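K.L.:
Attaching a single structure in structure tokens format; questions to follow.
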Amino acid sequence: MAQVEFWQGNKAIAMGAIAAGCRFFGGYPITPSTEIMEVMSEELPRLGGKFVQMEDEIGGIAATIGASIAGLKAMTGSSGPGISLKQELLGYAYIAEIPMVLADVQRGGPSTGLPTKVSQADVMQAKWGTHGDHATIAYAPSSIQECYEITVKAFNMAERFRQPVLVMADEVVGHMREKIVIPEPGSFEIVNRKKPTVCPDEFVPYKADDDDIPPMAAFGDGYRWHVTGLTSNDWGFPTNEADEIDKKANRIIRKVDRCRDEIVEFKQESMEDAEIMVVSYGSVSRSALRAIRELRLEGVKVGHFRPITLWPFPDKEIAEIAKRVKHIIVPELNAGQMVGEVIKAAAGKCEVHARNLINGELYKPDQIMSFIKEVA
């Protein structure tokens, strides 16, 4: 029977990870994500898992990568400055194809910035924070229910595609509390990484199947493989051969891009006859929906589009809607990040209006109502 709880967002992220099979957390405490660590430190030992508070943020993601290579579903978490410190090893996980989940509970920046205030300024960092070319999967929950469910999904995607997946909550979502319905175990999908089906003597570590994803053996399973942050060939050893470099570089992007339509998630409300569309995500979407519902009662033809996956971005879907609306409003808690993607998707078919707030406060519904009335 489903269980009803009253949880904080960060706790829901931690419990969603455990439900997905996470049995290792390596991290370092940082506001506003510390509660994820606290819950993991209590729950994982009871389940035979491992919790390690490392010496710093870099050590946290390094330990997480190591645990995943050893065969465990693994997670780390942080915010702002910590996410910046993790970028080099995040890139290592991309190129070495190590599944893991990174929870980023966003706060104001740059640098130490606003440790206790809300922000959505890590959107572009999630995509481009680590150097080099790779495909990013990043989710933005807007409720406690989604914190749980999206974290389960993030693990499924990480295990399936053999790469890091980000859960991009913000401080408001991470710290607010509301009702959550915990589904029964076995009532939702759990994905585990593909294992080799050949004998150890025939195992080629990075030889991909038709889906561009190679099976992954755990250290200790009897399969030998080499792991490096250098671009490697199918055997996992560094290569300078142009054809092998091209093969690896394109495959780690293609394995995600070919499944783009399956990965992308979004929700719409009141878009059937809308002339104005508000595009928002995370905590801002809660204020936006309140504003839209009130203005609908006044006869304003306004609707809402909420990206659940920030990356891959739902550009094709927004492009179609842009053909039939007059205005798109993009309220964000940053100086303008996702709005650039919306402008590219709209491609001049309608007007796109950026509305940016970077003072550590959350948009109120009446502020978003004012933005809508300006163009209505």
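Position in the sequence shown counted from 1, then plus 213, gives you our numbering.
Even glycine gets a Cβ: it sits at the ideal position worked out from N, Cα and C.
It should be emphasised that the depicted structure is a prediction, and the values quoted were computed from it without experimental measurement.
#1: Which whole-angstrom value describes the C-beta separation of V538 and M490, a residue pair presumed to lie in contact below a C-beta threshold of 8 Å?
#2: Where does I311 sit, in a helix, a strand or coil, going by DSSP?
#3: When you compare each of A558, E488 and S483 to R503 by their alpha carbons, which one comes out closest?
#4: Counting along the chain, where does the alpha helix (DSSP H) carrying S297 start and finish?
#5: Going by other Cβ atoms of all chains shown within 10 Å of its Cβ, with 16 needed for buried, is D414 buried or exposed?
#6: Restricting to Cα atoms, I'd like to know which of S356, D317, G321 and T247 is closest to E545.
#7: What first and last residue would you give for the beta strand (DSSP E) that runs through C235?
#8: Between C235, F374, D346 and T244, which lies nearest to M253 when the distance is taken from Cα to Cα?
#9: Compute the Euclidean distance between the alpha carbons of R568 and V513, then round it to the nearest angstrom.
#10: Leaving out five residues before and five after T244 in sequence, what residues of the same chain have Cβ atoms less than 8 Å from its Cβ?
#11: Starting from G290, follow its DSSP beta bridges and name the residues at the other end.
#12: Taking the alpha carbon of K468 as the reference point, which residue from A348, P377 and I296 has its own alpha carbon closest?
#13: Less than 8 Å between the CB atoms is what I'm expecting for V477 and P527, so what's the real figure, rounded?
#14: Cα separation between V217 and A371?
#15: Kindly indicate which residue of Y419, A367, R437 and P396 has the alpha-carbon position closest to the one of T522.
#16: Going by the DSSP bridge assignment, what does G516 pair with across the sheet?
#17: Starting from Q358, trace the alpha helix (DSSP H) both ways and give me its first and last residue.
P.N.:
Looking at the coordinates:
#1: With a Cβ gap of about 5 Å, V538 and M490 count as contacting.
#2: I311 falls in the coil class under three-state DSSP.
#3: Of the listed residues, the one whose Cα sits closest to R503 is S483.
#4: For S297, the enclosing alpha helix (DSSP H) has its first and last residue at G293 to L298.
#5: When all chains shown are included, D414 counts as exposed.
#6: Of all alpha-carbon atoms in S356, D317, G321 and T247, the one lying nearest the alpha-carbon of E545 is that of G321.
#7: First-last of the beta strand (DSSP E) with C235: C235 to G240.
#8: M253 has its Cα closest to that of C235, out of C235, F374, D346 and T244.
#9: Between the alpha carbons of R568 and V513 lies a gap of roughly 19 Å.
#10: If you ignore the 5 residues before and after T244, its C-beta comes within less than 8 Å of the C-beta of S292, R320, P328 and T329, all in its own chain and listed in chain order.
#11: For G290, which the question treats as bridged, DSSP gives the partners A316.
#12: If you compare the alpha carbons of A348, P377 and I296 with that of K468, the shortest gap goes to A348.
#13: With 8 Å as the limit, V477 and P527 qualify as a contact, their Cβ atoms being about 5 Å apart.
#14: V217 and A371 have their C-alpha atoms some 28 Å from each other.
#15: Checked all of Y419, A367, R437 and P396; the closest Cα to T522 is A367.
#16: BP columns for G516 point to M490.
#17: Where Q358 is concerned, the enclosing alpha helix (DSSP H) stretches over I357 to F374.
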